[in-house]
Amino acid sequence: MSEPVSALSNASFDGLVHVQEAGLHGMIALRGDLDSEALQSAVTNSAGVGVPAPRTVVFDGARGAAWMSPDELLVFCPYPEAGATLAQLTDALGGAHALAVDVSDARAVFEVRGPRMREVIAKLAPVDMSAAAFQPGTIRRTRFAQVAAAVWLVDDAEARIVCFRSVAPYMFALLCTAAAPGGEVGMF
Amino acid sequence: MLILECPYCGVKAEETELHGGGEAHLVRRGPDSSDDAFESYLFQRQNPKGVHFERWRHAYGCGKWFHAARCTATLEVFGTYSAQVSEPPQQIRDRIAARRPGWSWSDQG
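Now the structure itself:
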């Protein structure tokens, strides 16, 4: 068995903020009727958290779920447990019309940490990053320059970004450029 | 900058996160229609200076198609609504009529 490696092997950069490729995460894309009881109990049992409200994430340690669209969730779990979690989820869904796929190796996760986190993200994504508009626990699917991504705030100083693994080097370069020393804007 | 609120996920997305899908509420003509009707369905589009109904896709977000009513001259957005309708809902029509006295949906057809 080959050793799994994340997109950029935890590459990091220190500038206006600390940028880090956050390593391997178990991620399961789940599509289905988020209001249905079958899906809700399947998520609660296998992900360990409830179905998040629209545009929010819920986390309990490494396990969690992010609301991606009115019929899609991204379920998080520790990387080695992705297979088991997926099997459990598929099992629990039974005959319900839903689709669960392990996308752990198809996504990359980035961490942006520091007091200027909002400023760095606001340079790249067309999102109102003011504290009033974008609060911890909110998730927003958007674009970072030319690539699709989802971003949410863990707290007031840390954001997490999920993008396709194939564009991870681009995303890392973007974040490093936006966080280059001397690039302070002082907006937030 | 055009900002539309996606009626499915509630995100206020700006133009670059969206993909335009052209005129909304076209009546589809199939092989059993006349040549003129088919040609009109394929090629004839309204190009108004004023109220326009459009299809948009929240491409960098939830991925859903939706409808938008806006003014092409002022970029005023009258509202966005579900894609699962064949004409604008009454609420949107009322809002346009309030902003553009004399406008009516029947003139559009």
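Listed in order, the protein sequences are those of chains A and B. The numbering of the first sequence is the working numbering, which starts it at 4 and goes up by one. The numbering of the second sequence is the working numbering, which starts it at 141 and goes up by one. Where a beta carbon is used, it is the ideal one built from N, C-alpha and C, also for glycine.
Cβ-based neighbour list, residue i, same chain, cut-off 8 angstroms, excluding 5 preceding and 5 following
i: A/Glu-187; result: Leu-19, Arg-119, Glu-122
i: A/Ser-107; result: Leu-27, His-28, Gly-29, Met-30, Ile-31, Tyr-82, Ala-85
i: A/Pro-73; result: Leu-37, Pro-57
i: A/Phe-175; result: Leu-11, Ala-14, Phe-16, Val-22, Glu-24, Phe-113
Closer than 7 angstroms to chain B by CB, residue i
i: A/Thr-145; result: yes
i: A/Ser-39; result: no
i: A/Ala-111; result: no
i: A/Ser-72; result: yes
i: A/Pro-55; result: no
Sequence-distant residues of its chain with Cβ nearer than 7 angstroms to residue i (five each side left out)
i: B/Met-141; result: Glu-154, Glu-155
i: B/Leu-215; result: Leu-142
i: A/Arg-66; result: Ala-50, Gly-51, Val-52, Phe-79, Cys-80
Simplified DSSP assignment, three categories, for residue i
i: A/Glu-40; result: helix
i: A/Phe-79; result: strand
i: A/Ala-222; result: Summary: the structure shown does not reach residue 222 of chain A, with chain A confined to residues 4 through 191, and so no result is reported for it.
i: A/Glu-6; result: coil
i: B/Glu-227; result: coil
i: A/Leu-27; result: coil
i: A/Ser-199; result: In the structure as shown, chain A begins at 4 and stops at 191. Residue 199 of chain A is therefore absent and cannot be evaluated.
i: A/Ser-15; result: strand
i: A/Ala-87; result: helix
i: A/Val-46; result: helix
i: B/Arg-239; result: helix
Proximity test, Cβ basis, 7 angstroms: residue i and chain A
i: B/Ala-201; result: The question names Ala, yet the displayed sequence has Gly at residue 201 of chain B. Answer yes: the Cβ-Cβ gap between B/Gly-201 and chain A drops below 7 angstroms somewhere.
i: B/Thr-156; result: yes
i: B/Tyr-148; result: yes
Any non-hydrogen atom of the ligand PLP within 6 angstroms of residue i CB
i: A/Leu-33; result: The model on display carries no ligand, and the ligand PLP is accordingly not part of it.
Close beta carbons around residue i, own chain, < 6 angstroms, minus the five adjacent residues each side
i: A/Gly-53; result: Thr-47
Practice task
Pick out the complete alpha helix (DSSP H) segments inside the region 101-180 of chain A, 4 residues or longer, and give them in chain order.
Solution key: List check, alpha helix (DSSP H) in window: 120-127.
Exercise for the section: Inspect the CB distances between the region 194-206 of chain B and the region 168-186 of chain B and report whether three or more fall short of 8 angstroms. Expected result: Of all C-beta pairs linking the region 194-206 of chain B to the region 168-186 of chain B, fewer than three are shorter than 8 angstroms, placing the two stretches out of contact.
Exercise for the section: Mind the definition here: the region 26-39 of chain A touches the region 76-87 of chain A only if three or more C-beta pairs lie below 8 angstroms; say whether that holds. Expected result: Judged by Cβ distances under 8 angstroms, the region 26-39 of chain A makes contact with the region 76-87 of chain A, as three or more pairs qualify.
Practice task
Evaluate contact between the region 86-96 of chain A and the region 211-226 of chain B, counting only Cβ atoms and requiring at least three cross-stretch pairs below 8 angstroms.
Solution key: Output reads no: the region 211-226 of chain B does not touch the region 86-96 of chain A.
Handout entry: Inside the region 141-226 of chain B only - beta strand (DSSP E) runs reaching at least 3 residues
Key = DSSP runs (the beta strand (DSSP E)) wholly in the region 141-226 of chain B: 143-145, 152-154, 159-163, 191-197, 205-211, 217-221.
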